[in-house]
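A.B. asks: This structure is in structure tokens; I'll ask about it shortly.
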Amino acid sequence: MINRGEVWLVNLDPTIGQEIKKTRPAVVVSSNSVGKLSLKIIVPITDWKPLYSSYPWMIYLEPDRQNGLAKKSGADAFQVRSVDQARLVRKLGQLPEPVMEEIVAGIAICIEYR
């Protein structure tokens, strides 16, 4: 079972253009109660760079035992996408609900949802 808020290592290849690439962590943002297909909506996670603090769709993630991240990272809400569950390699950890709310707010900024 793959649940909302879990951090998974996800194989995002093949990609095109500036889509975020390779196998990397991502957080599952789709609802546990929605969907008939074996798809999950994810937000990829990338290495944190100081420049990202000025981007409201980049949510800073401090590594800890709960989330399973190895370094300072950012959830890139601009790169949200649906992927087949077969792309999810292994579970790394879990994000707390307040962080999930920040990520959802980042998605809302990207799609101009009010």
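Going from the sequence shown to my numbering is simple: count from 1 and add 759. Even glycine gets a Cβ: it sits at the ideal position worked out from N, Cα and C.
Determine the DSSP secondary structure at Arg873, reduced to helix, strand or coil.
C.D. replies: coil
A.B. asks: Let me make sure I understand the geometry here. Which of Arg824, Val802, Asp806 has the alpha-carbon closest to that of Ser789?
C.D. replies: Val802
A.B. asks: Compare the Cα-Cα distances from Lys799 to each of Tyr872, Ser841, Val786, Pro815 and report the closest residue.
C.D. replies: Considering only Tyr872, Ser841, Val786, Pro815, the residue with the shortest C-alpha distance to Lys799 is Ser841.
A.B. asks: For Val863, does the three-state DSSP call read helix, strand or coil?
C.D. replies: helix
A.B. asks: For Glu821, I'd like the list of residues in its chain whose CB is within less than 7 Å of its CB, leaving aside the five on either flank, ordered along the chain.
C.D. replies: Lys831
A.B. asks: Taking all protein chains shown into account, do 16 or more other C-beta atoms lie within 10 angstroms of the C-beta of Asn762, making it buried, or fewer, making it exposed?
C.D. replies: Per the 10 Å Cβ criterion, exposed.
A.B. asks: Where DSSP assigns a beta bridge to Arg840, which residues make up the other side?
C.D. replies: Ile801
A.B. asks: Take the Cβ of Asn826 as the centre, count every other Cβ of all protein chains shown within 10 Å, and call the residue buried at 16 or more, exposed below.
C.D. replies: When all chains shown are included, Asn826 counts as buried.
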